[in-house]
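**Student:** In this note's numbering, the protein residues as written are 3 to 419.
Glycine residues also receive a C-beta, built at the ideal position from the N, C-alpha and C atoms.
None of the values given here were measured: they were computed from a predicted structure.
Quick one: structure below, then a few questions.
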Amino acid sequence: MQKSLMRTVIQDQQNEIERLDGIVQRDAFNIGLSYNGTSAFVIKGVRRCGKSTMLKQIINRKFKDSFFYFNFDDERILGFEVEDFQVLMEMLIELFGDKKNVFFDEIQNVRGWELFINRLLREGYRVFITGSNSNLLSRELGTHLTGRHVDLELYPFSFAEFLRARNVEFSSGNYSTQDRATASKLFNEYFSSGGMPESVISGNNAILLQLINDVIQKDVMNRYNIRKFSELRNILRFLMSNVSNEITYRSLSRNLDVKSENTIKKYIEYLQETYLIFEVRRFDRKLKRAGKSPRKIYFIDNGIILRNVPDFSKNNGALLENLVAVQLKRSGTEFYYYRHQSNAEVDFLIPEKREMIQVCYELNEINMEREVRALQKASVEIDANRFLILTLDQENEISRNGLKIEVIPVWKWLLEI
């Protein structure tokens, strides 16, 4: 790679560190800020969820006079090879002196990166890196950096972070009538627009269309030598249109006219590796049976679904369920869905917390019986001590045959979980 081009890229990227207007502090920011270990600190997550911005925030808050920064997701350095790492370090030292804190964005784009990071750690550098492919990161970190990395998974804005972006803050647990009205109004925006930081701050949701193209082309097709763009896009759109529905590889193969179930399985695995989607499995004490059961697919952000499949806006119940699934995923807890032998379904089961959650956009006399009955049947089979029905804006308590069920607005649950 030409040294003159590398120098230009380094200097251009260095200037970006200074331009951080309108940045929202993330809930996970203090984890990165307080990290003082000798292992690599790895921030993982879907494209454009704010990983680069968090790196820059950490730099500005703690390492402003003692850092190197380089972003490998730059079209000008497409030819960057493993031997260029040494040239990069020499040029950084030449331009800025020897700094002991290095920050690398999307470094997994370069084959052999983990060997370079391992060398930096041995030489006493503190290393922060970001990545948007879980398989590449996990495989290579596990092979060459076993025990020498600490991981943080970053998501699009939570509702609390979204409120922060709108300069709104509530006292925890104490909501006045005005607070409730404000929270409800802003939740409706969050519910339909999503929490991708750039889209929230700029108001430009066109990036949510480009995001899908980037994931397909850069994170799947380029990395796995796949040439069927339209097939991948059709799978994504079908999954978006069927959020919260049970699916099997066979049903997907049939509906999408893809001959091989194994092809479908691989595509979904690749898409999960990009952090764009995630699976929720059916709860079953028999692991073998659980593995063969249908699973549900959720997307990391509602805005991505609605921007790419506008007609899905009519399916408020599935969108609300998707949002709850993302929050549970963000919390780091293990969760499942549950189907009783009577076919009654509980949307989310959290064994560790002994909680069951139903999601219902608007609770009425008809669907209330269905949701309550499912919780009752599940409670006989599974040990739980908290039962919730999350709705758009309803709040009360239901008592049925000794079972106490809390009905809570989703916005309130999101702020208190």
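1. Tell me the rounded alpha-carbon separation between Gln59 and Lys331.
2. Considering only DSSP beta bridges, list what Ala185 is partnered with.
3. If you pair each beta-carbon of the stretch 147-162 with each one of the stretch 368-385, do three or more pairs fall below 8 Å?
4. Have a look at Val222, Arg402, Arg287, Glu364 and flag the residue whose alpha-carbon is nearest the alpha-carbon of Leu392.
5. Asp29: which of Ser41, Met56, Ile19 sits nearest, CA to CA?
6. In the DSSP assignment, the beta strand (DSSP E) including Ser401 goes from what residue to what residue?
7. Have a look at Arg50 and Arg375 and give me their C-alpha separation to the nearest angstrom.
8. Span of the beta strand (DSSP E) holding Pro411?
9. Spatial neighbours of Gly196 within its chain, please: CB distance less than 6 Å, with the 5 preceding and 5 following residues excluded, ordered by chain position.
10. Nearest to Gln396 by alpha carbon, out of Arg388, Asp286, Ile407?
11. Closest to Thr148 by C-alpha separation, out of Leu117, Phe164, Leu97, would be which residue?
12. Would you call the CB atoms of Arg78 and Leu7 closer than 8 Å?
13. Under 8 Å, with one C-beta from each stretch per pair, do the stretch 229-236 and the stretch 199-210 reach the 3-pair mark?
14. Go through the stretch 234-311 residue by residue and report every complete run of the alpha helix (DSSP H) that reaches 4 residues or more, in order.
15. Is Gln212 helix, strand or coil when you go by DSSP?
16. What residues match up with Gly133 in a beta bridge as DSSP calls it?
17. Can you find the residues in the same chain that come closer than 6 Å, C-beta to C-beta, to Ser54, ignoring five residues on each side of it along the sequence?
18. Grab the span of the beta strand (DSSP E) containing Ile352 for me, first residue to last.
19. Considering Arg341, what are the terminal residues of the beta strand (DSSP E) in which it resides?
20. Quickly, what does DSSP pair Arg128 with across the bridge? List them, please.
21. Just to confirm, are Tyr300 and Val282 a CB contact at a threshold of 8 Å?
22. If we ignore side chains and look at the alpha-carbon of each, how far apart do Ile218 and Trp115 end up?
23. CB-CB under 7 Å to Tyr71, same chain, minus the five flanking residues each way: which ones, in chain order?
24. Determine the DSSP secondary structure at Leu322, reduced to helix, strand or coil.
25. Ser344: buried (16+ other C-beta within 10 angstroms of its C-beta) or exposed?
26. State the DSSP-derived secondary structure class of Glu85, mapped to helix, strand or coil.
27. Smallest Cα separation from Leu273: which of Gly47, Ser315, Gln27?
28. Pull up the DSSP beta-bridge partners for Leu390, would you.
29. Kindly indicate which three-state DSSP category Val152 falls into: helix, strand or coil?
30. Express the C-alpha separation of Ile359 and Ala327 in angstroms, rounding to a whole number.
31. Since Phe164 is in the alpha helix (DSSP H), which residue starts that stretch and which ends it?
32. How would you call Asn227, buried or exposed, if buried means at least 16 neighbouring beta carbons within 10 angstroms?
33. Using a Cβ-Cβ cut-off of 6 Å (strictly less than) and excluding sequence neighbours within five positions of Met103, which residues of its own chain qualify?
34. Determine the contact status of Leu325 and Val412, defining contact as a CB-CB distance below 8 Å.
35. In three-state terms, what does DSSP make of Phe70?
**Tutor:** In short, the structure shows the following:
1. 24 Å
2. Partner(s): none; Ala185 has no beta bridge.
3. no
4. Glu364
5. Met56
6. 398-402
7. 41 Å
8. 405-411
9. Asp303, Asn304, Gly305
10. Ile407
11. Leu117
12. yes
13. no
14. 251-257, 263-275, 289-294, 304-310
15. helix
16. Lys46
17. Asp107
18. 347-352
19. 338-341
20. Asn103
21. yes
22. 23 Å
23. Gln15, Gln16, Ile19, Ile61, Phe105
24. helix
25. exposed
26. coil
27. Gly47
28. Ile359, Glu408
29. strand
30. 10 Å
31. 161-167
32. exposed
33. Residue identity differs from the one stated: residue 103 is Asn in this sequence, not Met. Here the set comprises Phe65, Ser68, Phe69, Arg128.
34. yes
35. strand
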